[in-house]
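If you number the sequence shown the way full-length UniProt numbering does, the last residue is 130 and the count never jumps.
Report on the structure given below.
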Amino acid sequence: MNFKIDTKEKFTTITSMQIDLSDNLTEKLIASATRCLSHAPKNVILNLSSVQHLTETGAHQLARLQETFYEKNASLVVCELQTAVEQLLEQWQLNEVINIVPTESEAWDIVQMEEIERELMDDFDELTNE
């Protein structure tokens, strides 16, 4: 098994069980995450604590996935990165594009804050359209 999937009330956590996140595995990870957009909960936390290496192509795919989630009013948070992977993302200048936090607990907090933010924005939009 390449990934462990755990669904909670507000989000789904997808945990990679692989050390090397190849382009092929990244595509499978992205497919699993993208499927979450079609049903509740749409928010996804990617726990990459086991990943020691990913490709530049895979990293750019994750950045595009981040954009897709925000376009669909859903959250995508990556957590528990190994130092080597963090350094690669910095080298490729993707650390500011991908929503990254140190722990899964912090990822939960980000998802909840973004949910509240979306609700407030929806309320604001309703008020301004009246």
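Backbone N, C-alpha and C define an ideal beta-carbon position, used for all residues, glycine too.
query: How many angstroms separate the CA atom of Val97 from the CA atom of Leu120?
result: Taking the first residue of the sequence shown as 1, we reach residue 97 at position 97. Taking the first residue of the sequence shown as 1, we reach residue 120 at position 120. So the two alpha carbons sit approximately 24 Å from each other.
- request: Give the single residue among Leu76, Glu9 and Gln93 whose Cα lies nearest to the Cα of Ile110.
  value: Numbered from 1 along the sequence shown, position 110 holds the residue referred to as residue 110. Leu76 is the residue among Leu76, Glu9 and Gln93 whose C-alpha sits nearest the C-alpha of Ile110.
query: Could you give the C-beta distance for Leu65 and Ala33, rounded to a whole number, given that I count them as a contact under 8 Å?
result: Start at 1 with the first residue of the sequence shown, and residue 65 comes out as number 65. Start at 1 with the first residue of the sequence shown, and residue 33 comes out as number 33. Right, their Cβ atoms sit about 6 Å apart.
query: Alpha carbon to alpha carbon, what distance is there between Tyr70 and Leu88?
result: Here residue 88 refers to the residue found at position 88 when the sequence shown is read from its first residue. Here residue 70 refers to the residue found at position 70 when the sequence shown is read from its first residue. If you take the alpha carbons of Leu88 and Tyr70, they lie about 23 Å apart.
Leu48 in three-state terms, based on DSSP: For this step, residue 48 is matched to residue 48 along the sequence shown. Leu48 carries a coil assignment under DSSP once its states are collapsed to helix, strand and coil.
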